[in-house]
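Asker: Here you go, one structure.
In my numbering, the protein residues as written are 9 to 237.
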């Protein structure tokens, strides 16, 4: 059976990374995740960070900014058995909300030593089965421009929907949104319009074609029978 999204090895100078090809017009974000996770797991990609021979035990990425999508939050709440918790309660525990004027950035919470979910002894992720999309799709290897572009659009749209839900739920409580850091906040729900993530609870329900601008989609989509690159 033809895979909906292919992650294919590509050489970048002396290093090996990957490129992406979408083979099915109905490909979902889950198809994209499956393809990227597969090539990371099965192909000897070049590591650009030499701290450790493998990802296990290397916590460099866990110290970086990790934006959350709406579906990431749903997955983490379920994994942590916080399904019934309010969104704000969960974000106060596991997230960090930064507001700068009209802009909002919601990321995984970090301590001085990295992500709040990093096990300090093993230096492994304590929520690995439910780790966010940015964590699933990052490996310190080169990637093609279109692969990097797709990741950016998926993450941005997913985070935008999370911000929209955060503002919606704050409105239902009848109070101002609570954030952890803010500079001249000018928050308006109308600035955050519904998108491909709206009303979706699983990555398999979010279609890549609905997320991508036409120009990027034309670069990614290569129908079955027209070759792989």
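We put the beta carbon where it would ideally sit given N, CA and C, even for glycine.
(1) So is residue 56 buried or exposed if we call it buried at 16+ other beta carbons inside 10 Å?
(2) Residue 227 and residue 154: beta carbons closer than 8 Å?
(3) Using the DSSP secondary-structure output, state which residues sit across from residue 23 in a beta bridge.
(4) What's the C-alpha gap between residue 174 and residue 26?
(5) Under 7 Å Cβ to Cβ from residue 212, same chain only, skipping five residues before and after it: list those, please.
(6) Do residue 167 and residue 114 have their C-beta atoms within less than 8 Å of each other?
(7) Kindly indicate which residue of 16, 199, 10 and 177 has the alpha-carbon position closest to the one of residue 109.
(8) Buried or exposed for residue 237, please, with buried defined as at least 16 other CB atoms from any protein chain shown within 10 angstroms of its CB.
(9) Determine the DSSP secondary structure at residue 11, reduced to helix, strand or coil.
(10) Please classify residue 87: does DSSP put it in a helix, a strand, or coil?
(11) Relative to the alpha-carbon of residue 95, which residue among 119, 163 and 176 has its alpha-carbon at the smallest distance?
(12) Pick from 112, 182, 70 and 91: whose alpha carbon is nearest that of residue 164?
(13) Express the C-alpha separation of residue 107 and residue 197 in angstroms, rounding to a whole number.
(14) Going by alpha carbons, who is nearest to residue 147 out of 221, 215 and 66?
(15) Kindly indicate which residue of 230, 71 and 219 has the alpha-carbon position closest to the one of residue 133.
(16) Identify whether residue 237 lies in helix, strand or coil by the three-state DSSP scheme.
(17) Could you have a look at residue 136 and say whether DSSP puts it in helix, strand or coil?
(18) With 16 other CB atoms within 10 Å as the buried threshold, where does residue 207 fall?
(19) Mapping the DSSP letters down to three states, classify residue 227 as helix, strand or coil.
(20) For residue 62, count neighbouring C-beta atoms within 10 Å of its own C-beta (all shown protein chains included) and say buried if the count is 16 or more, exposed if not.
(21) Would you list, in sequence order, the uninterrupted alpha helix (DSSP H) runs of no fewer than 4 residues that lie entirely inside the segment 86-130?
(22) Taking just the CA atoms, how far does residue 231 sit from residue 130?
Answerer: Taking the definition as stated:
(1) Your numbering for residue 56 matches position 48 in the chain shown. Answer is exposed; the Cβ neighbour count stays below 16.
(2) The sequence position of residue 227 within the chain shown is 219, counting from 1. The sequence position of residue 154 within the chain shown is 146, counting from 1. Between residue 227 and residue 154, the gap from beta carbon to beta carbon is short of 8 Å.
(3) Against the chain shown, residue 23 aligns to sequence position 15. Note: residue 23 sits in a beta bridge opposite 20.
(4) Here residue 174 refers to the residue found at position 166 of the chain shown. Here residue 26 refers to the residue found at position 18 of the chain shown. If you draw a straight line from the Cα of residue 174 to the Cα of residue 26, it is about 35 Å long.
(5) As a first step, residue 212 is located in the chain shown; it is residue number 204 there, counting from the start. These residues qualify, in order along the chain: 36 and 38.
(6) Your numbering for residue 167 matches position 159 in the chain shown. Your numbering for residue 114 matches position 106 in the chain shown. Closer than 8 Å, so yes.
(7) Taking the first residue of the chain shown as 1, we reach residue 109 at position 101. Considering only 16, 199, 10 and 177, the residue with the shortest C-alpha distance to residue 109 is 199.
(8) Here the question's residue 237 lines up with position 229 in the chain shown. Low local confidence applies: a pLDDT of 49 at residue 237 is under 50, so the model's placement there is unreliable, with the coordinate-based value given in what follows. By the neighbour-count rule (16 or more Cβ atoms within 10 Å), residue 237 is not buried but exposed.
(9) Walking along the chain shown from the start, residue 11 turns up at place 3. Coil, per DSSP.
(10) Locating residue 87 in the chain shown gives position 79, counting from the first residue. If DSSP states are grouped into helix, strand and coil, residue 87 belongs with the helices.
(11) On the chain shown, residue 95 is found 87 positions in, with the first residue counted as 1. Checking every option, the nearest Cα to that of residue 95 belongs to 176.
(12) Taking the chain shown and counting its residues from 1, the one referred to as residue 164 is at position 156. It is 112.
(13) Locating residue 197 in the chain shown gives position 189, where the first residue counts as 1. Locating residue 107 in the chain shown gives position 99, where the first residue counts as 1. When only Cα atoms are considered, residue 197 and residue 107 end up about 13 Å apart.
(14) Within the chain shown, the letter at position 139 stands for residue 147. For the residues 221, 215 and 66, the minimum Cα distance to residue 147 belongs to 66.
(15) Numbered from 1 along the chain shown, position 125 holds the residue referred to as residue 133. Ranking the options by Cα distance to residue 133, first place goes to 71.
(16) Start at 1 with the first residue of the chain shown, and residue 237 comes out as number 229. Only weak support is given to the placement of residue 237: the predicted model assigns it a pLDDT of 49, under 50, and the value that follows is read from those uncertain coordinates. Coil, per DSSP.
(17) To locate residue 136, count along the chain shown from 1; it is residue 128. In the three-state DSSP reduction, residue 136 falls in the helix class (H, G or I).
(18) On the chain shown, position 199 is the one that residue 207 refers to. When all chains shown are included, residue 207 counts as exposed.
(19) In the chain shown, the residue the question calls residue 227 occupies position 219. If DSSP states are grouped into helix, strand and coil, residue 227 belongs with the helices.
(20) Indexing the chain shown from 1 puts residue 62 at position 54. Residue 62 should be labelled exposed.
(21) Runs found: 95-102.
(22) Start at 1 with the first residue of the chain shown, and residue 130 comes out as number 122. Start at 1 with the first residue of the chain shown, and residue 231 comes out as number 223. Between the C-alpha atoms of residue 130 and residue 231 there is a straight-line separation of about 44 Å.
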